[in-house]
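291 is the number of the first residue of the sequence shown in the working numbering; add one for each residue after it.
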Amino acid sequence: MIILISASPRRRELLSMIYPEVIYDVSSADEPMDEKDPEKLVIKSARVKLKDRMHSYRAGILLASDTLVYCDGILGKPRDREEAYDMLSRLAGRTHEVYTSLVLHDRNSGKLVEDAVVTKVKFAPMTSREINTYLDTGEYKDKAGAYGIQGYGSVFIEAIEGDYFNVMGLPLNRLYEILRDEFDLNMLESEDSF
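If you want it as structure tokens, here you go:
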């Protein structure tokens, strides 16, 4: 059994695509912002979420994750429209990196695995009008870097290098590899998978 500690509807949707038996939980822990290295920060943030909810489960594999965008500094979720505008202006016409962490803990064995996946995304140039029109959709809310690759934000993406699902918030290929290789859980061989 996997326990996903995340409030993200995108992560829930992605995990349910490949693994049917999932328990969903949400952490109320404050995300750390005291780290300048994006890979270390996303891992640390997921670790904090996992530790916040770990006491509630005696068995199963807990999974926590976090996503951020890096472009001349760390871009998390925008606080408001103005900050979202600034983020999109920074990304326009440039390549940025999206980091997503995977922190897994097996409550039965005590095994802990931490990893992060990086995907490069190239944005097309954007006019002020295009940015404002996109912001009018509201899609930027609760998304690292102020855009959703799976929605209207997709029209601004010229190229992607790496895992598409990583940009959505859950790198499915790497998650599958970790569950298979580190926890002996092969979703494709499970009787409940299909």
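For glycine and all other residues, C-beta sits at the position ideal for the given N, C-alpha and C.
Close beta carbons around residue 304, own chain, < 8 Å, minus the five adjacent residues each side: Within the sequence shown, the letter at position 14 stands for residue 304. Within the same chain, residue 304 has close Cβ partners 455, 458, 459, 460, 462.
Supposed close pair residue 328, residue 294 - CB separation, criterion 8 Å: For the purposes of this step, residue 328 is taken as the residue at position 38 of the sequence shown. For the purposes of this step, residue 294 is taken as the residue at position 4 of the sequence shown. Between the beta-carbon of residue 328 and that of residue 294 there is about 22 Å, and that puts the pair past the 8 Å contact cut.
Is the CB-CB distance between residue 447 and residue 413 below 9 Å? As a working mapping, residue 447 is identified with position 157 in the sequence shown. As a working mapping, residue 413 is identified with position 123 in the sequence shown. Going by C-beta atoms, residue 447 is nearer than 9 Å to residue 413.
Does DSSP put residue 316 in a helix, in a strand, or in coil? The sequence position of residue 316 within the sequence shown is 26, counting from 1. The DSSP-derived three-state label of residue 316 is coil.
Within a Cβ cutoff of 6 Å, which residues of the same chain sit near residue 331, ignoring the five residues on either side of it in sequence? On the sequence shown, residue 331 is found 41 positions in, with the first residue counted as 1. 325, listed in sequence order.
3-residue-minimum beta strand (DSSP E) runs that sit fully inside the region 368-414, ordered along the chain: Given a length threshold of 3 residues, each whole run of the beta strand (DSSP E) inside the region 368-414 is given here in chain order: 385-396, 402-413.
Nearest to residue 397 by alpha carbon, out of 343, 411, 436, 366? Taking the sequence shown and counting its residues from 1, the one referred to as residue 397 is at position 107. Closest option to residue 397, Cα to Cα, is 343.
Taking buried to mean at least 16 other C-beta atoms within 10 Å of its own C-beta, is residue 365 buried or exposed? For the purposes of this step, residue 365 is taken as residue 75 along the sequence shown, with counting starting at 1. Flag for residue 365 reads buried.
Starting from residue 354, follow its DSSP beta bridges and name the residues at the other end. Reading the sequence shown from its first residue, position 64 is the one you call residue 354. Answer by DSSP bridge pairing, in chain order: 295, 393.
Just to confirm, are residue 378 and residue 425 a CB contact at a threshold of 9 Å? Here residue 378 refers to the residue found at position 88 when the sequence shown is read from its first residue. Here residue 425 refers to the residue found at position 135 when the sequence shown is read from its first residue. In contact: residue 378 and residue 425 (Cβ atoms closer than 9 Å).
Just verifying my parser: in three-state terms, what is the DSSP assignment at residue 479? Numbered from 1 along the sequence shown, position 189 holds the residue referred to as residue 479. It is coil, neither helix nor strand.
Taking all protein chains shown into account, decide if residue 449 is buried (16 or more other Cβ within 10 angstroms of its Cβ) or exposed. Position 159 of the sequence shown, counting from 1, holds the residue named residue 449. Exposed, because fewer than 16 other Cβ atoms sit within 10 Å of the Cβ of residue 449.
Taking 8 Å as the cut-off, does the region 401-410 touch the region 429-437 (at least 3 CB pairs, one atom from each stretch)? By the Cβ rule, the region 429-437 does not count as touching the region 401-410, because fewer than three pairs are nearer than 8 Å.
Could you spell out the range, first to last residue, of the beta strand (DSSP E) harbouring residue 451? Sequence index remark: in the sequence shown, residue 451 carries index 161 (1-based). First-last of the beta strand (DSSP E) with residue 451: 447-451.
Nearest neighbour of residue 383, chosen from 391, 466, 301, 418 [CA to CA]: As a working note, residue 383 is residue 93 in the sequence shown. Among 391, 466, 301, 418, the Cα nearest to that of residue 383 is on 418.
6 Å Cβ shell around residue 336 - same chain, five flanking residues per side excluded: What you label residue 336 is simply residue 46 of the sequence shown in a count that begins at 1. Closer than 6 Å at Cβ, skipping near neighbours: 354, 355, 356, 391, 393.
DSSP three-state label for residue 333, please. What you label residue 333 is simply residue 43 of the sequence shown in a count that begins at 1. Residue 333: helix per DSSP, three-state reduction.
What are the residues that DSSP puts in a beta bridge with residue 364? Taking the first residue of the sequence shown as position 1, residue 364 is located at position 74. For residue 364, which the question treats as bridged, DSSP gives the partners 360.
Going by other Cβ atoms of all chains shown within 10 Å of its Cβ, with 16 needed for buried, is residue 395 buried or exposed? One-based indexing of the sequence shown puts residue 395 at position 105. Here residue 395 is buried, its C-beta having at least 16 other C-beta atoms within 10 Å.
Straight-line Cα distance separating residue 415 from residue 296: As a first step, residue 296 is located in the sequence shown; it is residue number 6 there, counting from the start. As a first step, residue 415 is located in the sequence shown; it is residue number 125 there, counting from the start. Rounded to the nearest angstrom, the two C-alpha atoms are 32 Å apart.
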